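*Asks:*
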Ligand code: RNT
Ligand code: ZN
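Residue numbers (the working numbering): 1401 to 1823.
1. Roughly how many angstroms lie between the CA atoms of residue 1461 and residue 1593, to the nearest whole one?
2. State the Cα-Cα distance for the pair residue 1468 and residue 1443, rounded to the nearest angstrom.
3. My output table needs one value for residue 1788: the three-state DSSP class, helix, strand or coil.
4. What does the alpha-carbon distance come out to for the pair residue 1561 and residue 1780?
5. Can you give me the start and stop residues for the beta strand (DSSP E) that residue 1674 sits inside?
6. The ligand ZN and residue 1630: does the residue's C-beta get closer than 7 Å to at least one heavy atom of that ligand?
7. Strictly by DSSP, which residues pair up with residue 1728?
8. Between residue 1587 and residue 1630, is the Cβ-Cβ spacing less than 8 Å?
9. Report the rounded CA-to-CA distance for residue 1785 versus residue 1751, giving the unit in angstroms.
10. How big is the Cα-Cα spacing for residue 1554 and residue 1688?
11. For a minimum of 4 consecutive residues, which ranges assigned as the alpha helix (DSSP H) are wholly contained in the segment 1507-1545?
12. Please tell me whether, using a cut-off of 7 Å, the distance from the CB of residue 1442 to the nearest non-hydrogen atom of the ligand ZN is below it.
13. With H, G and I counted as helix, E and B as strand and the rest as coil, what does DSSP make of residue 1494?
14. I need the straight-line Cα distance from residue 1454 to residue 1627, nearest angstrom please.
15. Tell me which residue opens and which closes the beta strand (DSSP E) that residue 1560 is part of.
16. Under the three-state reduction of DSSP, which class applies to residue 1353: helix, strand or coil?
17. Determine, using beta-carbon pairs with one atom in the segment 1510-1519 and one in the segment 1569-1582, whether at least three such pairs fall under 8 Å.
18. Beta-carbon separation of residue 1793 and residue 1803 under 8 Å?
19. Look up residue 1626 in the DSSP assignment and give the residues it is bridged to.
20. As a quick check of your reading: which residues have a C-beta less than 5 Å from at least one non-hydrogen atom of the ligand ZN, in chain order?
21. Do residue 1591 and residue 1638 have their C-beta atoms within less than 8 Å of each other?
22. Cβ of residue 1566 within 7 Å of any heavy atom in the ligand RNT?
Below, the structure is given as structure tokens:
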């Protein structure tokens, strides 16, 4: 009780402080529920999936390290973990599934054979949870991806296999969107690229374009399915060239009215995804974000509340574009409690959006209009010492989820009761 009182009292003081700057914190608390985070299912099991028991991430230019005990071994455990995660988060979430997480009933169903029925359990679970689903084709961790090329493969049988896979994934995604009454974002990422400098990039990109044209030839209503395409700069084994580069997909998305997926681990280190948002939104209806944290490279560390994520959130809020930006997470770290990784990373992302919403935007824009750059700078600096954490705590408190350090002990308990039994 004492704690509740303190949180509420502190919030009142914080609210007054923000009000002095013309910021209405009560409105921000309401608006925060429009920040819907699509939780990536693949942090729960290090991108293993359920095609074969004990499957591990294989190939495809991405990597997970760490063997912290307790990873989800089947769909039941994964659902339980996600439910736990959601119980510790304020605001709204969706679940972002990869195709390898289907319910294949112990049977070997190859990727060019998957059907909506393999995801029926997920769909009914999502319905019960009252959440939407997003979906991803899985064009890696498969013998057909071993030579480094999938949709841009020069081997027609390999290329057709992956075209069929992605087509089916779009159909499954559209079914998810239709059945759940919430459009599903289907995101396409392929690992295609080359370790050493190739001489014929043109042909590879031509093949990829043709594959995409064939895949997107089938139309689904936008209320069911939103197609998103994700570029990359380099990966392990594709250091010299990635076929699906930023230029390639940006051009493809603009020309074909697709969503572009911006993964902030996929650019040159000094490039800022935050800076790209206002450009892309001049030409595209919507974006997808893969919020992550790269350390030195596309390492997919747990998201933290850092400058990079903050700029992304600020640019979305300052452009008043929240309804046009689909926010997903994309990190996987096997070296720590995976539930903790979800909660810490999701909360960091939500905090960045809240911080951005607490800016006195009208005043900042006014200073900028009038070339008052000192005033703009000072205001931005002043915001950094405002009681943002108090508003955040109150948001969690209001949502009935643990405030501050309390989520740590909650996760420790889950580790003791549930995760430690998974051996
Ligand atoms: C890989 C891409 C891609 C994957 C997921 C698992 O570099 O970021 O989004 O991380 O599809
Ligand atoms: Zn990504």
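No residue lacks a Cβ here, since even glycine has one placed at the ideal position from N, Cα and C. Keep in mind it's a predicted model, so treat the numbers as computed, not measured.
*Replies:* The short version:
1. 9 Å
2. Cα-Cα distance, rounded: 12 Å.
3. In the structure shown, residue 1788 sits in a helix (DSSP, three-state: H, G or I).
4. 52 Å
5. Unbroken run through residue 1674 is the alpha helix (DSSP H), 1673-1683; no beta strand (DSSP E).
6. Within the cutoff, so yes.
7. 1438, 1690
8. yes
9. The alpha-carbon atoms of residue 1785 and residue 1751 are separated by roughly 15 Å.
10. Straight-line measurement puts the Cα of residue 1688 at about 29 Å from the Cα of residue 1554.
11. Whole alpha helix (DSSP H) segments, 4+ residues: 1520-1529.
12. Not one heavy atom of the ligand ZN sits closer than 7 Å to the Cβ of residue 1442.
13. strand
14. 30 Å
15. Per DSSP, residue 1560 belongs to no beta strand (DSSP E); it is in the alpha helix (DSSP H), 1556-1580.
16. Here the chain comprises residues numbered 1401 to 1823, so residue 1353 is not present and cannot be evaluated.
17. Yes, the segment 1510-1519 is in contact with the segment 1569-1582.
18. yes
19. DSSP lists 1585 as partners of residue 1626.
20. 1663, 1690, 1730
21. yes
22. no
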